[in-house]
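Q:
Number of protein chains: 2
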Amino acid sequence: MSILVVGSIALDHVETPFGSVKDALGGSTIYFGAAASYFAPVRVVGVVGDDFPHHQLEFLKKRRVDFQGLETKPGKTFRWGGRYDFDLNSRTTLFTDLNVFENFKPTIPDAYRDSEFVFLGNIAPDLQMDVLKQIHSPKLVALDTMNYWIEGSLSDLRKTLKKIHVLLLNDSEARQLAQEPNLVKASRVIRKMGPEVLVIKKGEHGALMFIGDTVFWAPAFPLETIFDPTGAGDTFAGGFMGYLAKIGDVTGEAYKRALIFGSALASFCVESFSVGRLKNLTPEEIRDRFKAFWLMTNFDYLNSGF
Amino acid sequence: MSILVVGSIALDHVETPFGSVKDALGGSTIYFGAAASYFAPVRVVGVVGDDFPHHQLEFLKKRRVDFQGLETKPGKTFRWGGRYDFDLNSRTTLFTDLNVFENFKPTIPDAYRDSEFVFLGNIAPDLQMDVLKQIHSPKLVALDTMNYWIEGSLSDLRKTLKKIHVLLLNDSEARQLAQEPNLVKASRVIRKMGPEVLVIKKGEHGALMFIGDTVFWAPAFPLETIFDPTGAGDTFAGGFMGYLAKIGDVTGEAYKRALIFGSALASFCVESFSVGRLKNLTPEEIRDRFKAFWLMTNFDYLNSGF
């Protein structure tokens, strides 16, 4: 089943202790699409300026990513610049030039309106709602947001949260949205706002998923070298949604595996700058890493001897 | 098989946002013993002052904790005071009155010298080495230490590390000991110093175990209320060593389950002040939590459909 993703396309400037890149392909739809397209066809809605290097999208087009919904507007493409410190946990935003993205009003092409799986990337909550109104009958809607909207557009955000199934947040955003430092309590507050499933991403500490009356926990893959954390969250969402769309199953067990595939794809993402590592993954590499997560967490509880 | 534990016995003063306790039973041997004794007999070597309320040890004695190695010296018992902030992640030490613990020289009673499982609690590395010299032929020696010894007694610590099997550290201590921020790289540096198995505790983010050429990851149990984190590390070690001693198995698979039992016991520890929650646990409660860890991490990797 195809997945619709709506969000940013950017040219990123990233500095890390290991080097830097300029005008590198980035943005939520790109990272999401690069990951999800290993599992299912992806439909992108976004906007770029007339300076955008469209040839950089070729590898995605070959992988069933459809850019019919990509508008090109006069002006410059959205540019973001950031610098990571030595431990890669803290990031400094160097600049955010929204350019043509500033007035982005997502229009969903007719051919996309039957999408059953929808990922609403991090844009204004009222625009996320506008997107949903254009979709006939989505089966699973996931949403990403950030502190900026939690602080400045909470009322819109709460309206949109009522219409979605899965919310993906990082831990500080979850605490902020719920106004509650304890994540278990925060999860209850947030799920009352609408989403049945809450995924809390904790970076190098893995991810927690609250679903039904249970919690599921995915580790982060322990890497020796993290080159560039940019896009890991959207890549995570891409692996997560991509897997669910591929198997067309939204049971609790499928969600658990989806969380692991999301973590697996995110672990590849950070191994190089931009989408470098997501260009040429093989299904075997993805399956091997999925299995590595299993080996890292699996234990025999039935024969413990206690 | 019995486990020998050498370390502190303290009377703790703890302040948290949920209340405070004064002169509460604490210290590494107490938390360790309270956890390990659910699995195997424990032998304690430590020192208290003549003010120590020995009746508080009754619950441990009933659970096969042997205090033949507990010396009572003229003077006051070791007292420690600490305050936790609202998020319980940062701790302020209010006071450390070593008292009789200052001149602690562990003497291992003859009856203890055949111990096959040994836990060297957080004391000076040269004293940890003295203990080892008094043990005939230990099968598994685990050691805890802290930043104080890494900074001030590194040479002694490195000598002792050569003689042990398992090192338990928190993540900042691991980074400090290895002088390497990346935990995967740090694990390699540290294991070259001696310990075959390295357990890195990350508090609310779980624990990582480096063993053979693999990594195993235990989550932390997501709790709604953490009353008092004091002693969680020693309780973790107690569950870990206790389980290994009970089944007398030190294979990789046993270590994985031991890491989960350690995490399970630690999750009980923080549910009340001092050893409150560790006094009356039933084996069923421990098994249920062990299973809860399995449910929280288990997924079907063989039938993923990808």
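So the sequence lines, in the order shown, correspond to chains R and E.
When the letters of the first sequence are read in order and numbered with the numbering used here, they come out as residues 799 to 1104.
When the letters of the second sequence are read in order and numbered with the numbering used here, they come out as residues 799 to 1104.
For each residue, glycine too, the CB sits at the ideal point set by N, CA and C.
Could you give the DSSP three-state label for residue 997 of chain R: helix, strand or coil?
A: Strand.
Q: How about residue 1021 of chain R and residue 1065 of chain R: do their beta carbons lie closer than 8 Å?
A: Contact flag set, yes.
Q: Check distances from the C-beta atoms of the stretch 980 to 1002 of chain E to those of chain R and list, in chain order, the residues that come in under 8 Å.
A: Answer in chain order: 980, 981, 982, 983 and 1000.
Q: So that I know if they touch, is there some Cβ in chain E lying closer than 8 Å to that of residue 882 of chain R?
A: So, not an interface residue.
Q: Taking DSSP's pairing of strands, which residues face residue 1007 of chain E in a bridge?
A: Paired residue(s): E:997 and E:1014.
Q: Going along the chain, which unbroken runs of the alpha helix (DSSP H) with 4 or more residues stay wholly within the stretch 811 to 896 of chain R?
A: Here the runs fully enclosed are 826 to 834 and 856 to 859.
Q: Pull the bridge partners of residue 942 of chain E from the DSSP assignment, please.
A: Residue 942 of chain E pairs with E:966.
Q: According to DSSP, which residues form a beta bridge with residue 801 of chain R?
A: Paired residues: R:840 and R:915.
Q: With a threshold of 16 other CB atoms inside 10 Å of the CB of residue 999 of chain R, please say whether the residue is buried or exposed.
A: Buried, by the Cβ-count rule.
Q: Let me make sure I understand the geometry here. Which of R:1101, R:1026 and R:1016 has the alpha-carbon closest to that of residue 1062 of chain R?
A: The shortest C-alpha separation from residue 1062 of chain R is found at R:1016.
Q: By Cβ distance, which residues of its chain are closer than 6 Å to residue 1041 of chain R, with the 5 residues on each side in sequence left out?
A: 837, 1056 and 1059, listed in sequence order.
Q: Please list, in chain order, the chain R residues whose beta carbon lies closer than 9 Å to that of residue 1103 of chain E.
A: Ordered by position in chain R, the residues that pass the 9 Å Cβ test against residue 1103 of chain E are 1041, 1044, 1045, 1047, 1052 and 1055.
Q: How many whole angstroms separate the CB atoms of residue 801 of chain E and residue 876 of chain E, which I take to be in contact at a CB cut-off of 8 Å?
A: The Cβ separation is near 22 Å, so there is no contact.
Q: So, does the CB of residue 910 of chain R fall closer than 8 Å to a CB anywhere in chain E?
A: Not closer than 8 Å to any Cβ of chain E, the Cβ of residue 910 of chain R fails to qualify, so no.
Q: What residue range does the alpha helix (DSSP H) around residue 922 of chain E cover?
A: That residue, residue 922 of chain E, is in no alpha helix (DSSP H); it is neither H nor E in DSSP.
Q: Alpha carbons only, please: which of R:1073, R:879 and R:930 is nearest the one belonging to residue 813 of chain R?
A: Minimum Cα distance to residue 813 of chain R is reached at R:879.
Q: Keeping to the same chain, check which residues put their C-beta closer than 6 Å to that of residue 889 of chain E; ignore five residues upstream and five downstream.
A: Only 880 and 882 meet the Cβ criterion.
Q: Mapping the DSSP letters down to three states, classify residue 1021 of chain E as helix, strand or coil.
A: Coil, per DSSP.
Q: Who are the near neighbours of residue 884 of chain E in its chain, counting only those whose CB is closer than 8 Å to its CB and skipping five residues on each side?
A: So the qualifying residues of the chain are 815.
Q: When burial is assigned at 16 or more other CB atoms within 10 Å of the CB, is residue 1076 of chain E buried or exposed?
A: Under this definition residue 1076 of chain E is a buried residue.
Q: Does the CB of residue 1058 of chain E have a neighbour CB from chain R at under 8 Å?
A: Cβ-Cβ to chain R under 8 Å: yes for residue 1058 of chain E.
Q: Against residue 1006 of chain E, what residues of chain R qualify as contacts under a CB-to-CB distance less than 8 Å, listed in chain order?
A: Here the neighbours are 1020.
Q: Keeping to the same chain, check which residues put their C-beta closer than 6 Å to that of residue 950 of chain E; ignore five residues upstream and five downstream.
A: Answer for residue 950 of chain E: no residue qualifies.
Q: Could you check where the alpha helix (DSSP H) with residue 1094 of chain E kicks off and where it finishes?
A: It spans 1081 to 1095 - the alpha helix (DSSP H) in which residue 1094 of chain E sits, taken as one unbroken run.
Q: Is it buried or exposed, residue 993 of chain R, if we count other Cβ atoms within 10 angstroms and call 16 or more buried?
A: Its Cβ being crowded by 16 or more others within 10 Å, residue 993 of chain R is buried.
Q: Look at residue 1028 of chain R and residue 810 of chain R and say whether their C-beta atoms are less than 8 Å apart.
A: It is a contact, given that the beta carbons lie within the stated cut-off.
Q: Output yes if chain R places a C-beta closer than 8 Å to the C-beta of residue 1080 of chain E; else output no.
A: False, the Cβ-Cβ gap to chain R never drops below 8 Å.
Q: Going by Cα to Cα distance, which pick from R:859, R:840 and R:827 is closest to residue 846 of chain R?
A: With distances taken between Cα atoms, residue 846 of chain R lies closest to R:827.
Q: Which residue wins for smallest C-alpha separation from residue 824 of chain E, given the options E:808, E:830, E:818 and E:835?
A: Closest option to residue 824 of chain E, Cα to Cα, is E:808.
Q: Can you give the Cα-Cα distance for residue 984 of chain R and residue 834 of chain E, rounded to whole angstroms?
A: Their Cα atoms are separated by approximately 33 Å.
Q: Count the other C-beta atoms from every protein chain shown that fall within 10 angstroms of the C-beta of residue 856 of chain R, then say buried if there are 16 or more, exposed otherwise.
A: Residue 856 of chain R is exposed by the Cβ-count criterion.
Q: Give me the chain E residues within the contact set of residue 1089 of chain R, using Cβ-Cβ distance strictly less than 7 Å, ordered along the chain.
A: What residue 1089 of chain R touches in chain E: 1099.
Q: Relative to the alpha-carbon of residue 899 of chain E, which residue among E:805, E:978 and E:831 has its alpha-carbon at the smallest distance?
A: Ranking E:805, E:978 and E:831 by Cα distance to residue 899 of chain E puts E:805 first.
Q: Near residue 897 of chain E, which residues of its chain fall below 7 Å by C-beta distance, leaving aside the five closest residues on each side in sequence?
A: Around residue 897 of chain E: 847, 873, 874, 875, 876 and 877.
Q: What in chain R is Cβ-close to residue 837 of chain E, meaning under 9 Å?
A: Neighbours of residue 837 of chain E on chain R, chain order: 1104.
Q: Does any residue of chain R have a CB that is nearer than 8 Å to the CB of residue 815 of chain E?
A: It does not; no Cβ of chain R falls within 8 Å.
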